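K.L.:
So the sequence lines, in the order shown, correspond to chains G and F.
Converting from the first sequence to our numbering requires adding 12 to each position, the first position being numbered 1.
Converting from the second sequence to our numbering requires adding 3 to each position, the first position being numbered 1.
Quick one: the structure is below, questions incoming.
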Amino acid sequence: MATERTFQEINERIKSGKAVVVTAEELVSMVREKGVTRVTSEVDVVTTGTFGPMCSSGAFLNFGHSKPRMKMHKVWLNGVPAYTGIAAVDAYIGATEVHEDDPLNSNYPGEFRYGGGYVIQDLVARKKVRLKATGYGTDCYPRREIETDITIDDINEAILFNPRNAYQNYNCAVNLSSRTIYTYMGMLKPNLGNAHYSTSGQLSPLLKDPMFMTIGIGTRIFLGGAVGYVAWHGTQHFPSFIRDQDGKNLGPAGGTLAVIGNLKQMSPRWLVGTSFIGYGATLTVGIGIPIPILNEEVCRYAAAGDDELYAPIVDYGEAYPNFTPSNLGYASYAELKSGKIQINGKEVPTAPVSSYPRAREIAGILKEWIKKGDFLLGEPVQLLPNADAGITANSLKG
Amino acid sequence: MAPKKVVLRFGADIADQPIIYKLVKDYDLVINILKANVNPQKEGTMVLDITGENVEQGMEYLRRAGVQLQSLTEQIIQNEEKCVSCGACTAICPSGALYIERPDMAVRFDSDRCVVCHLCVKACPMRAMEVRF
Ligand code: SF4
Ligand code: SF4
């Protein structure tokens, strides 16, 4: 009889220490060896991981009130502006915000040495962060200025809330132009000098549950070294499948997640301030998602290997910046990870910009948490829209 | 002409003098400041890349002005605390000094193959590749 499991049944097995948990990497080879039916009957949970730059990240902070009270109108953390268009001593520090005095790209390519992602890493590293705020003074909030040191332990709340993380799949970026370009996919050498890709392929969370059969609002995850949750689908969530000219399914693309968690419990190993020369500052985030093997279909999807998952090759010299179509084909993650691919008959060296070893480490940590009974699966209160929802992207006019 | 790399050490007595300005202006040298740590009233150090016809005369001027000079050979090192093995440097490094070990996908650095081109220093998003003298 075909195996069927519920979240509750799996959680009971986790609590009694009997759950069988494997990483997505392990699952790929197990299914190749034993077949999907047998592995579905044996495995309860598969763990995934990804560790890469995720620009749509940031943290809500509540500093606590000063004496006299103050309605903060402008806030800087180590010189990096935070958004304060919310209540008096609340702010949101965004990962890509840069230091107030950053020369940006005026000395091209700019270095973007410090930004919101670094503030977040310094906070979780429990370093002192300089808080400066100004206000316009009101009857209830008279104070107009404050400058003081804070640490993450002496403010009320620090909540990581990232509106778009864990891209399901991503472009393989190349440069057809004749000059070096500096992008969020790294430095791209002219005339197809290199090709950069950015998911962990067969370990990548949303490549392993492409139809969102198990991941939804309330899914408990590994986030920045602590426990976090899926809050919603991410911004620019366009779940779909890539198909080549012959209609062959080349794997999923386009889904994203909004995630949330307690920043106070996270770690500087899994939230790392990052700077791309000529592009800007950001935050590298570690995310791991457990996938419950509810049935054979979930298992089959989760067992897709690097040779079955593809990234579209996109020219960042012309096509991407101008938002025009690029038709350079697709490369499988197996090819991308081999170190070279063929584009237009030319052999091009490849390199990742997200860390496969760290992704593997995350999947391993999550596996241990679950095996030890410390981490129960969160059953989604609502699943996320999938490829059948027919969501399409809007673009700006003007 | 290959640039000459030198470390300059200033005593507290001369740290506030316009020495670099004079070096550039009077000796017509092109300088690139690789590292600087000069505070008035304190000792300072500075690492310069110097190019031009009159490099030797310029050095002589610096010695006369009381600056201690040391020419150096520069090295690139990988800060293992900072490197996350993302791989973003590996297709950029022209010498194969930075490479991915397969199938583990860990990024390794073989300093013997490094040609000190500085590309990784700029390209590493974690600033894990550092210049050492
Ligand atoms: S780019 Fe930097 S962090 Fe990434 S592998 Fe190279 S040295 Fe390590
Ligand atoms: S300095 Fe140049 S040769 Fe040396 S490791 Fe960096 S990129 Fe490679």
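The beta-carbon is built from N, C-alpha and C at its ideal position, and this holds for glycine as well.
Owing to the predicted nature of the structure, the values given are computational and were not obtained by experimental measurement.
Pull the bridge partners of I301(G) from the DSSP assignment, please.
P.N.:
One-based indexing of the first sequence puts residue 301(G) at position 289. DSSP output for I301(G) lists no bridge partner at all.
K.L.:
Evaluate F224(G) with the Cβ neighbour count: other Cβ atoms within 10 Å of its Cβ, from every protein chain shown; 16 or more gives buried, anything less gives exposed.
P.N.:
Here the question's residue 224(G) lines up with position 212 in the first sequence. The residue is buried, with at least 16 neighbouring Cβ atoms inside 10 Å.
K.L.:
Would you kindly work out how many angstroms separate the C-alpha atoms of C92(F) and N40(F), rounded to a whole number?
P.N.:
What you label residue 92(F) is simply residue 89 of the second sequence in a count that begins at 1. What you label residue 40(F) is simply residue 37 of the second sequence in a count that begins at 1. Cα to Cα, the separation comes out at about 28 Å.
K.L.:
Cβ closer than 7 Å: which chain G residues qualify as neighbours of R116(F)?
P.N.:
Numbered from 1 along the second sequence, position 113 holds the residue referred to as residue 116(F). None at all; the shortest Cβ gap to chain G is about 16 Å.
K.L.:
When burial is assigned at 16 or more other CB atoms within 10 Å of the CB, is C96(F) buried or exposed?
P.N.:
Start at 1 with the first residue of the second sequence, and residue 96(F) comes out as number 93. The residue in question, C96(F), is buried, as its Cβ has 16 or more Cβ neighbours within 10 Å.
K.L.:
With 16 as the cutoff for other CB atoms within 10 Å, does E24(G) come out buried or exposed?
P.N.:
Within the first sequence, the letter at position 12 stands for residue 24(G). Exposed, by the Cβ-count rule.
K.L.:
What are the residues of the stretch 60-93 of chain F that lie near chain G, defined by any Cβ-Cβ distance shorter than 8 Å?
P.N.:
V87, S88, C89, G90, A91, C92, T93
K.L.:
Quick one: is the Cβ of V33(G) within less than 7 Å of any heavy atom of ligand 2?
P.N.:
For the purposes of this step, residue 33(G) is taken as the residue at position 21 of the first sequence. No, ligand 2 has no heavy atom inside 7 Å of this Cβ.
K.L.:
Less than 8 Å separating the beta-carbons of D318(G) and Q214(G)?
P.N.:
Residue 318(G) sits at position 306 when you count from the first residue of the first sequence. Residue 214(G) sits at position 202 when you count from the first residue of the first sequence. Closer than 8 Å, so yes.
K.L.:
Just curious, the beta strand (DSSP E) that M199(G) is in, first and last residue?
P.N.:
Position 187 of the first sequence, counted from the start, is the residue given in the question as residue 199(G). Segment 198-200, the beta strand (DSSP E) holding M199(G).
K.L.:
What alpha helix (DSSP H) runs, 4 residues minimum, are completely inside the stretch 244-304 of chain G?
P.N.:
none
K.L.:
How would you label P364(G), buried or exposed, when you count the other beta carbons within 10 angstroms and need 16 or more for buried?
P.N.:
Within the first sequence, numbered from 1, the residue matching residue 364(G) stands at position 352. With a 10 Å radius around the Cβ and a threshold of 16 neighbouring Cβ atoms, P364(G) comes out buried.
K.L.:
Under the criterion of a Cβ to heavy atom distance below 7 Å, does C89(F) qualify as lining ligand 1?
P.N.:
To locate residue 89(F), count along the second sequence from 1; it is residue 86. Taking 7 Å as the cut-off, the C-beta of C89(F) counts as close to a heavy atom of ligand 1.
K.L.:
Is there a Cβ of chain F sitting closer than 8 Å to that of E374(G), yes or no?
P.N.:
In the first sequence, counting from the first residue as 1, residue 374(G) sits at position 362. Strictly speaking, residue 374(G) in this sequence is Ile, with Glu absent from that position. So, not an interface residue.
K.L.:
Would you tell me roughly how many angstroms separate the C-alpha atoms of G174(G) and G329(G), rounded to the nearest one?
P.N.:
Numbered from 1 along the first sequence, position 162 holds the residue referred to as residue 174(G). Numbered from 1 along the first sequence, position 317 holds the residue referred to as residue 329(G). Before going further, note that residue 174(G) is Asn rather than Gly in the sequence given. So the two alpha carbons sit approximately 29 Å from each other.
K.L.:
I want to see whether chain G comes within less than 8 Å of P21(F), judged by CB atoms only; does it?
P.N.:
For this step, residue 21(F) is matched to residue 18 along the second sequence. Answer no: the Cβ-Cβ gap between P21(F) and chain G never drops below 8 Å.
K.L.:
Any heavy atom of ligand 2 inside 7 Å of the beta-carbon of C117(F)?
P.N.:
Residue 117(F) sits at position 114 when you count from the first residue of the second sequence. For ligand 2, at least one heavy atom lies less than 7 Å from the Cβ of C117(F).
K.L.:
Would you mind reading off the limits of the alpha helix (DSSP H) that contains F19(G)?
P.N.:
For the purposes of this step, residue 19(G) is identified with residue 7 of the first sequence, where counting begins at 1. F19(G) -> alpha helix (DSSP H) spans 19-27.
K.L.:
By Cβ distance below 6 Å, which residues in the same chain neighbour M324(G) in space, the five residues on each side in sequence not counted?
P.N.:
Translated into positions along the first sequence, residue 324(G) becomes position 312. The sequence as given places Pro at residue 324(G); Met does not occur at that position. N183, Y342, listed in sequence order.
K.L.:
Return the first residue and the last residue of the beta strand (DSSP E) that Y322(G) is part of.
P.N.:
On the first sequence, position 310 is the one that residue 322(G) refers to. Annotation for Y322(G): the continuous beta strand (DSSP E) segment containing it runs 322-327.
K.L.:
Give every residue of the same chain whose Cβ lies closer than 7 Å to the Cβ of A126(F), excluding the five residues on either side of it in the sequence, and list them in chain order.
P.N.:
Counting from 1 along the second sequence, the entry for residue 126(F) is found at position 123. Hits under 7 Å: A91, C92, I95.
K.L.:
I want to check one thing, is the minimum distance from the CB of I105(G) to the heavy atoms of ligand 2 below 7 Å?
P.N.:
Along the first sequence, one-based indexing puts residue 105(G) at 93. Not under cutoff, so the answer is no.
K.L.:
Please state the DSSP three-state secondary structure of Y313(G).
P.N.:
Here residue 313(G) is taken as the residue at index 301 of the first sequence, counted from 1. If DSSP states are grouped into helix, strand and coil, Y313(G) belongs with the helices.
K.L.:
Using a threshold of 7 Å, is the CB atom of P128(F) nearer than that to any non-hydrogen atom of ligand 1?
P.N.:
The residue labelled residue 128(F) in the question sits at position 125 within the second sequence. At least one heavy atom of ligand 1 is nearer than 7 Å to the Cβ of P128(F), so yes.
K.L.:
Tell me which residues share the same chain as G47(F) and place their Cβ nearer than 7 Å to its Cβ, disregarding the 5 neighbours each side in the sequence.
P.N.:
If you number the second sequence from 1, residue 47(F) lands on position 44. Here the set comprises F13, A18, N40, V41.
K.L.:
Any heavy atom of ligand 1 within a distance shorter than 7 Å of the CB on Q133(G)?
P.N.:
Translated into positions along the first sequence, residue 133(G) becomes position 121. Not under cutoff, so the answer is no.
K.L.:
CB H249(G) to CB G263(G), shorter than 8 Å?
P.N.:
Within the first sequence, numbered from 1, the residue matching residue 249(G) stands at position 237. Within the first sequence, numbered from 1, the residue matching residue 263(G) stands at position 251. No, Cβ-Cβ distance for H249(G) and G263(G) is not below 8 Å.
K.L.:
Could you check where the beta strand (DSSP E) with G106(G) kicks off and where it finishes?
P.N.:
If you number the first sequence from 1, residue 106(G) lands on position 94. Taken as a continuous stretch (DSSP letters only), the beta strand (DSSP E) holding G106(G) covers 102-106.
K.L.:
Kindly list the residues whose CB is nearer than 7 Å to the CB of M42(G), restricted to its own chain and excluding five residues on each side of it in sequence; keep chain order.
P.N.:
Against the first sequence, residue 42(G) aligns to sequence position 30. Closer than 7 Å at Cβ, skipping near neighbours: V34, V51.
K.L.:
Does the stretch 347-366 of chain G touch the stretch 230-249 of chain G, meaning 3 or more C-beta pairs lie closer than 8 Å?
P.N.:
no
K.L.:
Pull up the distance between the alpha-carbon of G285(G) and that of A131(F), whole angstroms please.
P.N.:
For this step, residue 285(G) is matched to residue 273 along the first sequence. For this step, residue 131(F) is matched to residue 128 along the second sequence. Using only the alpha carbons, I get a separation of about 12 Å.
K.L.:
Report whether the distance from the Cβ of Q78(F) to the nearest heavy atom of ligand 3 is below 7 Å.
P.N.:
Inclusion of ligand 3 in the displayed structure is not the case, the ligand content consisting of ligand 1 and ligand 2 alone.
K.L.:
Listing by chain order, which chain G residues have their CB less than 9 Å from the CB of I129(F)?
P.N.:
Here the question's residue 129(F) lines up with position 126 in the second sequence. The residue asked about is misnamed: residue 129(F) is Met in this sequence, not Ile. The contacting residues are V284, G285, T286, S287, T296.
K.L.:
Can you tell me whether P251(G) sits near ligand 2, meaning its C-beta is under 7 Å from at least one heavy atom of the ligand?
P.N.:
Within the first sequence, residue 251(G) is the residue found at index 239, counting from 1. No; taking the cut-off as 7 Å, the Cβ of P251(G) has no heavy atom of ligand 2 nearer than that.
K.L.:
Look at the Cβ atom of L295(G), then the Cβ atom of S118(G), and state whether they are nearer than 8 Å.
P.N.:
Start at 1 with the first residue of the first sequence, and residue 295(G) comes out as number 283. Start at 1 with the first residue of the first sequence, and residue 118(G) comes out as number 106. Cβ atoms of L295(G) and S118(G): not closer than 8 Å.
K.L.:
By the criterion of Cβ-Cβ separation under 8 Å, what are the contact partners of I36(F) in chain G?
P.N.:
The sequence position of residue 36(F) within the second sequence is 33, counting from 1. Chain G residues near I36(F): none, gap ~13 Å exceeds 8 Å.
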